[in-house]
Every structure is written in structure tokens, then in C-alpha cells.
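Chains as they are written, first to last, in this note's numbering: chain Y, 1 to 360; chain X, 361 to 720. A virtual CB, placed ideally from N, CA and C, is assigned to each residue, including glycine. This structure is a prediction, so every number in the text was calculated from the model and none was measured. Please read the structure below before turning to the comments.
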């Protein structure tokens, strides 16, 4: 078996020990005689998995006691609708900060349920920076202020936490959750699709401050009513049990790596090596403002798009896959989430230098 | 490794060869160097898995060309809301047939989006039968007529296909899909949560006639808009990729067992053995009308509820789990979906006789 270096933007690489444990436990989870996939979600075995997974997440993110953790289905795109369904609290508008493709999707979807104000936008720089706090125009009556903490496509990341005063801050953290310590108490709500740093696609985490619950619009499907989910510990219906189990294994792996401080150090080292390589090169370029560059998704360009196909082909021949950039941005993109090892970035950097020497 | 006989109502037993193949392919799917969980949903590997899974389902159910197959998230309870969001087509009411707990949930949820008429109900028999077609009062202007083809909790199943004239018939088939041949052309829409006969929880199948698409309510989240999903082959966002992969393995296993005819024979034999045992006994009783008994979920009662705990304890000691009935019905329930082997039913029947001999 040869494992590739997988730079996919999501679903993305998982830690090898997690996959090995999942394989070993597939037909018989710890002497239960069942696969986790086969377990009644209300049986003692799965209830223990859910409780342990939740406890690990609370520990890793140091989630305060006045927050609820929900395990949901539907993905982050689904949450873009479910969020305003639940969080308007009788108000008729919400503020959004536009930093790229994912915040754009959030803005479009929210418009079905409320008036959407764009409090700040990076459009002028073609979404290559995060609008500085000073440029934000927050409506004090807004139900919340929404940000995308890491734009997976554009490769732009917040390295600071916005101050939105009394208006709750909401963050789509799908592509950088668990990559560094976060002060959860600064947020009203955090959501994240699982398929980057958490586990398999089909699971979405929501972490929400209790006082914001209880005002879902009447049209909210009951399985997407945060308050109803919180009251039933995410068990209104059958949750995505196997995805929750894998998430628990990933959380344990993160803990074993030194928790979020450990992940932050590793991610900084990986991203640093890649950006240093880009900056030292007269060949590759990064489109993103230096202070807002993502540690998770690194878009870069070759001097001539005509070289892209050859670059990708050579990478694949060396066991490096999914380096093609998103069509909106073009060029290349290396997604280097938690589970992408330093060895993958070292291999990529070595190949980039080799390719530059040949074509530079 | 000792596998138990798992009578869970869902998530439920999966075929052992499927689990073995999943374990073997966990870290490296067919030489790709990746787990299926790690694959970009838009990469060639996963695209081939999705296409193969869909083709197998179309083959097994003989789905006509004018139907769309959608792989969705959210579960059947989510579909109870998503269905009226999509299928009202400018009408303001829908008809529902009330046969137990699951149709009750469907009725309650639909009430958020339209007027709900109960076209027939089995309430008079405490939901132990399917109301005969002659008793149905269908509104010819209804957007659709909804049935639950198998009530998982009550153990009541349709062994006939209702004739609803020009009003599209919609069926929640979560707990009996793929257990026998079905004439899909008699239905406007079929939906089914995966965690009984399809695969892991977190995936929901929708099979919908094309002419019913395109009229979603403006409040429909884009990820739950059938037309939008159909136009994008279920890939608006990241689908639950690993659950789809396992579903594909299960579909192949069903095909290898002789397809739905093969499954129907096996299920008839399993259910027949269990019901014959109940009927021949003066000890155990089945609460369900003989002609409407489910081949998937078999509730039964001991003569005295005080014996229930001992029965369950003895079953567990013999490697048989999840036989406790749902609290709404009480007593016992053996769920004997496709993947529950004949050997499990034989072991259960032997134990039931042993227990009867001791306590009868």
C-alpha cells in the first residue's frame, strides 16, 4: 500500500492512525460484536461514543459551559440557511463580511430569510485580503455579524478576532477549525462542516451560546432547530453516527499531538515553509496579502498558466494529488490541513524547486 | 472476533462482506493511495463511486428514465420538511395516510408548510393495520398523497400499492426499501433514510419523477432544493461521500444475493419463520393484523411485561441484541432487515421456544 500526499481542499487527508484504528474496529467495535455503523444511536455503545467525542471537543476548544455543542447534518452550505432560520431572534437583518466565495454563498442564502447588509467587503482587492476592522460598518441592530474565518478557495484567513460589540459574532470555521486555539467566548456561534479538519463529509458542528437559542422561525424543519437539537443532545433523529465516531478519533489524535497549541505549531511550520518557498522564488507567486494568508489553503501561481498541466502531471507522478486550484482563482492550491504531514509539504517544496529549475 | 445477532431498528446490521471490504479498503481505495473519506468529491475516484452506486440502485429498483435519483443529507425526518418545501407545486394542501408513529411525524412536520388532510387513519385499531384503499378519502386537488410504506415502530407494512389516481403517491420507504421489488412508476416520489437497508446514517435517498420538480418554495435551502440537486447530480455541496460508498457496496451485495427478488425470498422466509413461531405459540402474541404485518420489524409481546427484562437479558447472554420494543408499543421488537441473516432468526426462535418452555 502506498499512500499519496493528498492536498485536497475537502474532503481532505485524515490522520493515518485514525484510518488504521477505524479499519481495525470496522466489524467489531471494542468487543461489542458490531460495527459503529450498525449501532442503534440510542444504545449504550453509541451513546458512549457521542459523549466521549463531545467531551474531547469541549476540552480541545475549551468551550465555556454556557455554549451548546450540536452535531448536525447538511454541511456548511446547509448551515447558511439554517443559521438565519434560527438566529434572527425577531430582528429583520443580519450583517455579513464579504471576503470571498464562501462568504458570498452565505450572503446569498441568508437573503432568503432576512435583509442582508454587507458590513465590509474585500471586493476592491479581488478578495485577496481581510477588510481591517476599522473599515467595518456594523449595524448595532443586526441579529449577528457573519464572517468566514478562512476562505478555502481564496486562501484568506483571519489571524485576529473581530470585535462586534454587543452584536453576536458568527463564524463559518469549516476550513480552519481546530487548526489553532480559539477563544470561543468571543463568538455567538461557530459552525463547521467536518470534511477538512474534523472527519468525513456529512457532519456539521455547531457551537452556540445558549442565550441565542429559542427563536427559530416557524418554517424551520425540526431537525434543524438549534434549540430542539440542544434539548435533545443532537438526537432528535439518527445523527450521522459513523462520522461522529471518526470525528472522535480525530479529536483524540489532535489531543495526542499536543492539542490546538500543538496543531498551531505544526500548521505554522508547514505554511511557513511553503510561503517562504513562494516568496524566495522569482517563479511562483502568492495572490494573497501577506498578513492575511491562510495557513490551511495556499493558492499559488506559476508564471505562465500554460505550465499548469505539466506541473500537475509531474506532481501526480511523485504521489502528490489535488493541487489544482479552484476554477474561480486558477493556478494551484495546496490545502495543508491538520492531517497533512510536514513530509507532504517538504515533498511539494522539493518538487516546486525542481520544476522551477527546469522552467524558471 | 465474535459478531452479535443485531436486531436493531436502525442504524442496523450491515452485510459482513461489506464491512470486511470497507475495512480492507480503508486506507487505500483500490490503489488510489487514499481512503474514500479523504477523496475530493469532485475527483475522478469519487465521481466513479457515485456513478457506480447510482447505476446499481437504478438497476436494482428498475428506476424508469423519467425519474431522478438524489443522494441527500438530513435523514427521513428532515425529508418530512423538505418534501412539502419542494412538492406543493402551487397547491396549498397535501393528503397523508396515518398508520403510526412515522406517518404522524410526517403529518406534524408538513403542517409547517401547507394544509394537511388526513385521507385515512388506522387510529381506531391503535395503528395495528393499514387502512384499506376503500376507506381513503383523497382530495383530487392535493399536491400529493403521503404514505409510510413500513412503520418501523408499529410493525405495519403495505403489501399493496395504493392507487391515488392523478394525485402523485409519495412514500417514506426508509424501513423497507430494497427489501422486495417495487414498481417505481406507481410513485411520484420515494424517500428513504439509509440506516436500515442502505448503509450508514447520514444519507437519504430521494427518487422523484422529473415532472414534479422545479417548484420549490422560496424558503427552501438550496442544498435541499430537489431541482437544484437533480441539475447538479447531488453535488451542490459535498455529499456524504463515505456513506454513499458503503451504500454502493451494499447495493452490490444485494445484487449478488439475487437482487430484490432474492432479498424478497430471504425476507419472506425470515419473517415467515418468526410469525409462524408467534402464531403457533400460546405464549407470545403479535399485535398487528395478519395481512399487514411487516417483514422488516416484528413487534411481539410476552404474556406478562414483568418477564421482559429476563427475556432481554437471556437474549443478550446468547449474543442477540436490541430486541427491546419501542416505548410507544412496548414488549419486544425484532428488526430483521436485509442484512440480518436467517441464522439470527433461527437463533431467536430457538431462544423464544426455550424461554416459553421455562415460563409458559
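- [ ] Would you mind reading off the limits of the beta strand (DSSP E) that contains residue 207 (chain Y)?
- [x] 204-209
Open item on the list: Pairs of beta-carbons, one from the stretch 193-203 of chain Y and one from the stretch 224-235 of chain Y, closer than 8 Å: are there three or more?
Closed with: The stretch 193-203 of chain Y, when compared against the stretch 224-235 of chain Y, does not touch it at the 8 Å Cβ threshold.
Open item on the list: Using 8 Å as the cut-off, can you tell me whether the stretch 622-635 of chain X makes contact with the stretch 693-713 of chain X, which would need three or more C-beta pairs spanning the two stretches below that distance?
Closed with: yes
Task: Under 7 Å by beta carbon: chain Y residues contacting residue 382 (chain X) - done: 26
Open item on the list: Looking at the secondary structure, which residues open and close the beta strand (DSSP E) in which residue 365 (chain Y) lies?
Closed with: With chain Y covering only 1 through 360, there is no way to say anything about residue 365 (chain Y).
Task: Within 8 Å of chain X by C-beta, residues of the stretch 188-215 of chain Y in sequence order - done: 193, 195, 199, 200, 201, 202, 203
- [ ] Would you mind reading off the limits of the alpha helix (DSSP H) that contains residue 51 (chain Y)?
- [x] 44-61
Open item on the list: Any C-beta of chain Y within less than 9 Å: which residues of the stretch 573-599 of chain X qualify?
Closed with: Close to chain Y, meaning a Cβ-Cβ distance shorter than 9 Å, are the following residues of the stretch 573-599 of chain X: 577, 578, 579, 580, 581, 582, 583, 584, 596, 597, 598, 599.
- [ ] Please check the pair residue 188 (chain Y) and residue 246 (chain Y), which I expect to be a contact at CB under 8 Å, by giving their CB distance rounded to whole angstroms.
- [x] Contact doesn't hold; Cβ gap of about 28 Å is too wide.
- [ ] List the residues of chain X that residue 41 (chain Y) touches, going by C-beta distances under 8 Å, in chain order.
- [x] 371, 561
Task: When X:520, X:406, X:497, X:458 are compared against residue 540 (chain X), the one with the closest alpha-carbon - done: X:520
- [ ] Select from Y:323, Y:55, Y:82 the residue whose C-alpha is nearest the C-alpha of residue 250 (chain Y).
- [x] Considering only alpha carbons, the answer is Y:55.
TODO: Can you say whether residue 122 (chain Y) is buried or exposed, counting buried as having 16 or more other CB atoms within 10 angstroms of its CB?
DONE: buried
Open item on the list: Run through chain Y and tell me which residues come within less than 9 Å of residue 362 (chain X), C-beta to C-beta.
Closed with: 28, 31, 33
TODO: Tell me whether residue 575 (chain X) sits in a helix, a strand or coil according to DSSP, three-state version.
DONE: Correct three-state label for residue 575 (chain X): coil.
- [ ] Just mark residue 493 (chain X) as buried or exposed, buried being the case when its beta carbon has 16 or more other beta carbons within 10 Å.
- [x] exposed
Task: Closest Cα partner of residue 262 (chain Y) within the set Y:61, Y:100, Y:101 - done: Y:61
TODO: Give the residues of chain Y in contact with residue 602 (chain X), contact being defined as C-beta atoms less than 8 Å apart.
DONE: In chain order: 200, 201, 202, 242, 243.
Task: Buried or exposed (CB count within 10 angstroms, at least 16 for buried), residue 324 (chain Y) - done: buried
- [ ] Could you name the residues of chain Y that residue 469 (chain X) contacts, counting a contact when the two beta carbons are closer than 8 Å?
- [x] 221, 222
TODO: Could you tell me whether the Cβ atoms of residue 319 (chain Y) and residue 7 (chain Y) are closer together than 7 Å?
DONE: no
Task: CA nearest to the CA of residue 291 (chain Y), picked from Y:337, Y:204, Y:158 - done: Distances from the alpha-carbon of residue 291 (chain Y) to those of Y:337, Y:204, Y:158 put Y:158 closest.
Open item on the list: Mapping the DSSP letters down to three states, classify residue 351 (chain Y) as helix, strand or coil.
Closed with: helix
- [ ] Report yes if the C-beta distance between residue 240 (chain Y) and residue 203 (chain Y) is below 7 Å; otherwise report no.
- [x] yes
TODO: Determine which residues of the stretch 48-81 of chain Y have a Cβ less than 8 Å from any Cβ of chain X, and write them out in chain order.
DONE: 73, 74, 75, 76, 77, 78, 80, 81
- [ ] Kindly give me the distance between the Cβ atoms of residue 359 (chain Y) and residue 307 (chain Y), rounded to whole angstroms, as I take these residues to be in contact under 8 Å.
- [x] 6 Å
Open item on the list: Cutting at 7 Å between CB atoms, please list the residues of its own chain near residue 27 (chain Y), excluding the five before and the five after it.
Closed with: 35
Task: Other residues of its chain near residue 182 (chain Y): CB distance less than 7 Å, five sequence neighbours each side excluded - done: The residues are 61.
Open item on the list: Run through chain Y and tell me which residues come within less than 7 Å of residue 374 (chain X), C-beta to C-beta.
Closed with: 35, 37, 38
TODO: Could you check if residue 162 (chain Y) is buried or exposed, using at least 16 other CB atoms within 10 Å of its CB as the buried criterion?
DONE: buried
Open item on the list: For residue 346 (chain Y), would you say it is in contact with chain X, using Cβ-to-Cβ distances shorter than 7 Å as the test?
Closed with: no
TODO: Tell me whether residue 517 (chain X) sits in a helix, a strand or coil according to DSSP, three-state version.
DONE: strand
Task: Ranges of the beta strand (DSSP E) found wholly within the stretch 628-709 of chain X, counting only runs of at least 3 - done: Annotation: the stretch 628-709 of chain X contains the following complete segments of the beta strand (DSSP E) (minimum length 3 residues), in chain order: 657-660, 692-695.
- [ ] Tell me, to the nearest whole angstrom, how far the beta carbon of residue 63 (chain Y) is from that of residue 208 (chain Y); I am working on the premise that it is less than 8 Å.
- [x] With a Cβ gap of about 10 Å, residue 63 (chain Y) and residue 208 (chain Y) do not count as contacting.
Task: Cβ contact check for the stretch 567-582 of chain X and the stretch 325-340 of chain Y: 3 or more pairs under 8 Å - done: no
Open item on the list: I need the boundaries of the alpha helix (DSSP H) containing residue 616 (chain X), first residue and last residue.
Closed with: 601-616
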